[in-house]
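Heads up, the thing below is written out as structure tokens.
Numbering (the numbering used here), first residue to last: 634 to 886.
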């Protein structure tokens, strides 16, 4: 009973165990090479990770990391400005509302024509997905701060930089990280699609190449790698949140 309670407390271990149980049930039920065994897939994953799979993972990771960094550099200052300035909000928000709901994957052919078929077009595709989410999260975070808090901080003689440091950023960060989690999940899906065109490295290419070769075990190895990549980014954001927003976890206790 203690071991079961320990597994339930460890959310990552619990989630992984449940996924593998469901996977194993499907493997036994379908009894087809289309669904390989979890054990055989994990074994092949470890073996492949010593070879080309690591390069595919690295290529996908670099594209996402660059896209996230650029999106933060562009989206956060712009979102804070729009949140603090009503005129900027009236000018920029209507444009964001029109562009944000559009499926950005539809723009991939345009990006490939404008920026080439290499990494740049794929990074720009991910940026076009993430930057709007970050901008909106930053803007809404600022707008949700009560005006009385601005008056209180200003009355204490705190300057503009101090207001951003001690009031705006602490209020915006939790919402920003939530938006970033959603964006990273969507961007991984978009990256998978984009890596099927004019590239020879990336998890998307690895999965689809295995599929065309009717190598279902390798295909599931790629799917497993993609899920681990997503989990690493999510866990990284969780650790970042604990570091920069410790008050959230204090309140939960």
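Built from N, CA and C at the ideal position, the CB exists for glycine as well.
Taking the alpha carbon of residue i as the reference point, which residue from the options has its own alpha carbon closest?
i, options, result
"residue 705", "767, 803, 751 and 840", "767"
"residue 812", "675, 743 and 701", "701"
"residue 808", "877, 673 and 733", "877"
"residue 764", "795, 803 and 712", "712"
"residue 839", "663, 682 and 882", "682"
"residue 776", "739, 717 and 672", "717"
"residue 871", "677, 858, 810 and 833", "810"
"residue 803", "867, 726, 728 and 774", "774"
"residue 869", "739, 814 and 662", "814"
"residue 674", "644, 842, 688 and 657", "657"
Under 7 Å Cβ to Cβ from residue i, same chain only, skipping five residues before and after it: list those, please.
i, result
"residue 708", "764, 767, 768 and 771"
"residue 820", "697, 700, 759, 762 and 763"
"residue 737", "758, 761, 762 and 823"
"residue 782", "800"
Got a sec: does the ligand MG put a non-hydrogen atom nearer than 6 Å to the Cβ of residue i?
i, result
"residue 839", "Here there are no bound small molecules, and the ligand MG is not part of this structure."
Using a Cβ-Cβ cut-off of 6 Å (strictly less than) and excluding sequence neighbours within five positions of residue i, which residues of its own chain qualify?
i, result
"residue 874", "810"
"residue 886", "Because residue 886 carries a pLDDT of 47, less than 50, the predicted location of this residue cannot be relied on, and the following value inherits that uncertainty. Within the same chain, residue 886 has no close Cβ partners at all."
"residue 880", "none"
"residue 866", "817"
Excluding the 5 residues preceding and the 5 following residue i in the sequence, name in chain order all residues of the same chain whose CB lies nearer than 8 Å to its CB.
i, result
"residue 660", "668, 669, 670 and 671"
"residue 740", "758 and 761"
"residue 864", "645"
Hey, is the stretch 684-700 in contact with the stretch 821-829, meaning 3+ C-beta pairs nearer than 8 Å?
In this structure the stretch 684-700 touches the stretch 821-829; the number of beta carbon pairs closer than 8 Å is three or more.
Across the stretch 668-678 and the stretch 711-728, are there enough close Cβ pairs to call them in contact, namely three or more that are closer than 8 Å?
no
Starting from the N-terminal side, write out each stretch of the alpha helix (DSSP H) that is 4 residues or longer and does not extend beyond the stretch 759-788.
780-788
Count the C-beta pairs between the stretch 673-681 and the stretch 841-857 that are closer than 8 Å, then say yes if the count reaches three, no if not.
Segment contact: the stretch 673-681 against the stretch 841-857, three or more CB-CB distances shorter than 8 Å; contact assigned.
Where are the beta strand (DSSP E) runs, 3 residues long or more, that stay fully inside the stretch 785-850, in chain order?
Secondary structure within the stretch 785-850: not one fully enclosed beta strand (DSSP E) run of 3 or more consecutive residues is present.
Taking the runs of the alpha helix (DSSP H) that are 4 residues or longer, which of them lie wholly in the stretch 682-741?
For the stretch 682-741, whole alpha helix (DSSP H) runs of length 4 or above, ordered along the chain, are 685-717 and 719-732.
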